[in-house]
Every structure is written in structure tokens, then in C-alpha cells.
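**Student:** Dropping a structure here in C-alpha cells format, bear with me for questions.
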Amino acid sequence: MVNRKHKKSYKHIYVADYDGSNEQLLVSTPTVNVTPRWNNDPANPLIFYSEHTNENVRLMVADMKGRRRIVSNFDGLNMLSSYSFFVF
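Residues in the sequence shown are numbered from 16 upward in steps of one, following my numbering.
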């Protein structure tokens with residue numbers, strides 16, 4: 016995760032090639048985003064991460080176009096994702 020000046024005090028998740036080139040912004044939110052994890056499907060790459068809100072920590076997923084959705088939003092901690100446990 017990298018915090019850049021796209022929006023002041025926003026937190027960002029980027030992806031890039033192994034050498035740091037072709038940087039692409041995937042997630043930009045005012046919340047803290049931690050523990051990003053890749054799924055294991057190269058045909059449909061997704062990043063799962065934990066997003067800290069005022070109420071709880073929820074599990075999120077983002078595709079390579081930056082489309083995000085909530086995977087888990089229960090009370091308590093929803094974090095440290097492992098793609099192999101999810102069924103879509």
C-alpha cells in the first residue's frame with residue numbers, strides 16, 4: 016500500500032509489474048486498507064483486503080478495474096483473507 020497525493024489523507028492500494036513499472040491504482044479510500052492478498056486465478060485476478068471503518072473491519076475485494084465490493088461485513092474483525100476459503 017502506498018499513500019500518495021491523489022486525495023489528501025486517502026489510503027491507496029496499487030499494483031505494478033515486478034520492477035515497479037506500469038503502476039495502477041486499484042483502491043483509494045479515506046479508510047485504512049491492510050493485508051492485501053491475491054486470489055489464485057490468473058484468468059480473473061482479484062485482490063482481497065481488510066478495510067477499517069468506524070464500525071468494524073470488513074473484508075473487501077477489488078478487481079483489476081478497481082471495482083470493489085464487500086465480501087464480509089459482520090461485527091468484529093473480518094480480515095486476513097485467504098481466497099481458497101471463498102466460493103463465488
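Glycine included, each C-beta is placed from N, C-alpha and C at the ideal position.
On a predicted model such as this, the values are computed, not experimentally measured, just so you know.
So, is K26 buried or exposed, given that buried needs 16 or more other C-beta atoms within 10 angstroms?
**Tutor:** Result: buried.
**Student:** Note down the Cα distance separating P3 from R82, rounded to an integer number of angstroms.
**Tutor:** Past the edges of the chain, shown from 16 to 103, lies residue 3, and the structure says nothing about it.
**Student:** For the candidate residues V47, F63, T46 and Q39, whose alpha-carbon lies nearest to that of R84?
**Tutor:** The residue with the shortest Cα to Cα distance from R84 is F63.
**Student:** What did DSSP end up calling M79 once you bin it into helix, strand or coil?
**Tutor:** Three-state DSSP puts M79 in coil, outside helix and strand.
**Student:** Which term fits E38, buried or exposed, when burial requires 16 or more other beta carbons within 10 angstroms of its beta carbon?
**Tutor:** When all chains shown are included, E38 counts as exposed.
**Student:** Do T44 and E66 have their CB atoms nearer than 8 Å?
**Tutor:** It is a contact, given that the beta carbons lie within the stated cut-off.
**Student:** Return the chain-ordered ranges of every beta strand (DSSP E) run that is complete within the region 27–90 and spans a minimum of 3 residues.
**Tutor:** Taking only runs of at least 3 residues, the beta strand (DSSP E) segments lying wholly in the region 27–90 are 39–44, 47–53, 61–67, 72–78 and 83–87.
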